[in-house]
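As structure tokens, the structure follows; a few thoughts come after it.
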Amino acid sequence: MLAGCAVSEVPSPAASRITMVTSGDPALVAKTYAWHPTLFAVHTANKMDEDALRIHFRQAVDNVMTAKGYRLVNLEQMPQMTVGFGLALESAMSDVEILAKVGLVPGLSTQGVDKAFEKGSVLIALFPAKVERPFWQVLAQGFTEPSRDIEDREARFEHLAQIMLNGLPDVN
Numbered sequence: 168m169l170a171g172c173a174v175s176e177v178p179s180p181a182a183s184r185i186t187m188v189t190s191g192d193p194a195l196v197a198k199t200y201a202w203h204p205t206l207f208a209v210h211t212a213n214k215m216d217e218d219a220l221r222i223h224f225r226q227a228v229d230n231v232m233t234a235k236g237y238r239l240v241n242l243e244q245m246p247q248m249t250v251g252f253g254l255a256l257e258s259a260m261s262d263v264e265i266l267a268k269v270g271l272v273p274g275l276s277t278q279g280v281d282k283a284f285e286k287g288s289v290l291i292a293l294f295p296a297k298v299e300r301p302f303w304q305v306l307a308q309g310f311t312e313p314s315r316d317i318e319d320r321e322a323r324f325e326h327l328a329q330i331m332l333n334g335l336p337d338v339n
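Numbering-wise, the sequence shown is residues 168 to 339 according to my numbering.
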């Protein structure tokens with residue numbers, strides 16, 4: 168009789184589950200953009216990680232926008248639109264708070280999810296130049312492992328930015 172055993176790590180389904188909601192008209196987008204001067208919030212339990220998360224996510228969005236043909240300019244160069252974002256872990260900002268601030272909530276359930284994961288929310292909003300109200304926004308919720316190194320999350324940021332900005336037209 169021959170017997171064998173193999174062990175392989177299977178990624179948790181929670182790690183790849185994403186729920187999104189979008190509002191606005193992406194047809195209003197323009198070719199040039201700058202980063203919004205005030206909307207780049209990060210809310211986590213570990214404040215030391217916030218600057219690195221901000222940098223990594225901003226780079227991921229820049230990569231997607233460039234691939235779609237958009238051109239990043241400085242605010243002084245009069246961009247046609249500004250891009251803002253927010254990142255928050257559920258422990259730092261609840262769905263109720265997000266709904267009050269953004270007016271959107273995907274409503275991702277945490278029922279039955281391993282406690283090693285925490286629900287995270289990511290907002291990307293596009294604003295006409297010099298206007299305070301976005302003309303298009305997308306809010307995604309998924310699960311993250313706060314204990315992982317920030318550098319390990321870079322690939323997930325790239326993937327998430329790609330999914331979230333998929334509805335924007337290419338301007339190449």
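Ideal Cβ positions, reconstructed from N, Cα and C, are used throughout, including at glycine.
Item, Value
"Under the rule that 16 or more other beta-carbon atoms within 10 Å means buried, what is I265, buried or exposed?", "buried"
"With a Cβ-Cβ cutoff of 9 Å, do V298 and L332 count as a contact?", "no"
"Expressed to the nearest angstrom, what Euclidean distance is found between the alpha-carbon atoms of P295 and G287?", "27 Å"
"Is the stretch 240-248 touching the stretch 196-216 in the sense that three or more CB pairs, one from each, lie closer than 8 Å?", "yes"
"Please classify A227: does DSSP put it in a helix, a strand, or coil?", "helix"
"Which residue wins for smallest C-alpha separation from I185, given the options N230, L290, N241, D218?", "L290"
"Based on Cα-Cα distance, which residue from R300, Q226, R225, A219 lies nearest to V269?", "R300"
"A234 by DSSP, collapsed to three states: which one?", "helix"
"Which parts of the stretch 238-293 are runs of the beta strand (DSSP E), unbroken and 3 residues or longer, counting only runs that do not cross its ends?", "248-256"
"Would you please state the rounded distance, in angstroms, between the beta carbons of G236 and V338? I believe it to be under 8 Å.", "4 Å"
"Less than 8 Å between the CB atoms is what I'm expecting for A227 and E312, so what's the real figure, rounded?", "So it is not a contact: roughly 18 Å between Cβ atoms."
"In angstroms, rounded to a whole number, what distance separates the CA positions of A283 and E243?", "44 Å"
"Find the nearest neighbour of G309 within the set A322, Q329, T277, V209, judged by alpha-carbon distance.", "T277"
"Note down the Cα distance separating V263 from N241, rounded to an integer number of angstroms.", "34 Å"
"Specify the secondary structure class of V338 as computed by DSSP and reduced to three states.", "coil"
"Give the single residue among T205, V280, A194, N230 whose Cα lies nearest to the Cα of E321.", "N230"
"Is the beta carbon of W303 closer than 9 Å to that of T189?", "yes"
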